[in-house]
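Take the position in the sequence shown, starting the count at 1, then add 56; the result is the number in the numbering used here.
Glycine included, every Cβ here is placed at the ideal spot set by N, Cα and C.
Step one of this worksheet: look at the structure below.
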Amino acid sequence: MATTDRQATTLALAHALSAAERGLAVIPLSRTKLPALRSPHRDDPDPAPCHGACGRFGHGVYDASTDPARIRRLFAAAPWATGYGIACGLPPYHLIGVDLDTKSGTDSSAALRELALRHLFTIPETVVVLTPSGGRHLWLTGPPDAVVPNSAGRLAPGIDIRGAGGYLVGPGSRTDHGVYAAAPGTAQLAPAPCPPSLLRLLLPPPRPRHAASPAPGDHGRGLVQFVLSAHEGQRNTRLFWAACRAYENGIGAALAAPLTEAALHTGLSEREARATIASAARMTGHRPAC
Numbered sequence: 057m058a059t060t061d062r063q064a065t066t067l068a069l070a071h072a073l074s075a076a077e078r079g080l081a082v083i084p085l086s087r088t089k090l091p092a093l094r095s096p097h098r099d100d101p102d103p104a105p106c107h108g109a110c111g112r113f114g115h116g117v118y119d120a121s122t123d124p125a126r127i128r129r130l131f132a133a134a135p136w137a138t139g140y141g142i143a144c145g146l147p148p149y150h151l152i153g154v155d156l157d158t159k160s161g162t163d164s165s166a167a168l169r170e171l172a173l174r175h176l177f178t179i180p181e182t183v184v185v186l187t188p189s190g191g192r193h194l195w196l197t198g199p200p201d202a203v204v205p206n207s208a209g210r211l212a213p214g215i216d217i218r219g220a221g222g223y224l225v226g227p228g229s230r231t232d233h234g235v236y237a238a239a240p241g242t243a244q245l246a247p248a249p250c251p252p253s254l255l256r257l258l259l260p261p262p263r264p265r266h267a268a269s270p271a272p273g274d275h276g277r278g279l280v281q282f283v284l285s286a287h288e289g290q291r292n293t294r295l296f297w298a299a300c301r302a303y304e305n306g307i308g309a310a311l312a313a314p315l316t317e318a319a320l321h322t323g324l325s326e327r328e329a330r331a332t333i334a335s336a337a338r339m340t341g342h343r344p345a346c
């Protein structure tokens, strides 16, 4: 069994490195499909929110990377890993996963076809990953300024969505239930753009404006720190996510300057930072700060 597990770990690392070469950020997974590395804050009596700012491994999808050296270190720290997860929502693909489940007893493929007919979209030819339970994962890409949330059954029964902050089990991963594999003829495809009509169904509705903008407080400082701790390849996505949360909580205008300064510190240009924050304001139904 130990030899088999070592072989599975070696194969998982090879598949993960191959995915990283395509620009997909990855993390090691255990046989349960959960991140293989436990949180370094699990024994803290009152842990503060941390998405990797402490510099240690064990922050789930926030550990994800395309850097081969970092990926090897992640797998070295988790020699029991037998699979890998692919982070969604990150550049260059801004991946969106459509998980067509079979375990709920519903025909999720038929539900997706019904949605396509009702909302006039067609699922393009794209990467399809077959799951051990008989389900399918469809890989789609989203625009850089759209943050698609994770959901389970919200779109239709049996259809789960993996978006920003989520991950997909990568093809070649071995779990307790079997092996994930790319569907024949799709392994070398690039993820196709999500149809606009489907994307509108996946995005949350704009939230109403707040009458007043309270002081940023601790939550604002946490969002700024979240941007400051971004690795290369995550900077724009983290800034957009933080700005969206700031505007949704009524502190967007007050936090625009601190978020811009944090983004500059990570290496983004002022023009990029301001454009990203303005996109977040528009996405959440607010007027961009001047």
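Which residues does DSSP list as the beta-bridge partners of residue i?
i    : result
A212 : I215
S207 : I217
P249 : T197
I152 : L196
Please identify the residue among the options whose C-alpha is closest to the C-alpha of residue i.
i    : options                : result
G234 : T138, V117, P213, V184 : T138
S285 : D99, A75, E77, C110    : C110
C250 : G219, P227, A302       : G219
D123 : G79, L93, T88, M339    : G79
L258 : I142, A76, V203        : V203
F113 : R128, S335, R174, S95  : S95
R210 : L69, L254, A237, P180  : L254
Y149 : A334, L85, L93, G198   : G198
P252 : L311, P180, A70        : P180
Report all residues from its chain with a CB closer than 8 angstroms to the CB of residue i; omit the five preceding and five following residues, and keep chain order.
i   : result
D61 : W136, T138
Going by beta carbon distance, what residues of the same chain come within less than 7 angstroms of residue i, once the five residues before and after it are set aside?
i    : result
K159 : S189
Q281 : A109
A64  : T138, R230
Alpha carbon to alpha carbon, how far is residue i from residue j?
i    : j    : result
C144 : P314 : 26 angstroms
N305 : G276 : 9 angstroms
A76  : A298 : 25 angstroms
L186 : I307 : 43 angstroms
E326 : D100 : 37 angstroms
H97  : H107 : 11 angstroms
Here's a check: name, in chain order, each residue in its chain whose Cβ is nearer than 6 angstroms to the Cβ of residue i, leaving out the five neighbours to either side.
i    : result
L295 : V283, A319, T332
G116 : P91
V154 : L194
S164 : L156, D157, G214, I215
G222 : C144, N206
P227 : V185, Y236, A237, A238
V183 : W195, T242, L245, P247
If we define contact as Cβ-Cβ less than 7 angstroms, is residue i a contact residue for chain B?
i    : result
P213 : Here chain B cannot be found, since the structure has a single protein chain.
Go through the stretch 286 to 325 residue by residue and report every complete run of the alpha helix (DSSP H) that reaches 4 residues or more, in order. 291 to 304, 308 to 322
Hey, which unbroken runs of the alpha helix (DSSP H) at 4 residues or more fall wholly within the stretch 89 to 146? 124 to 133
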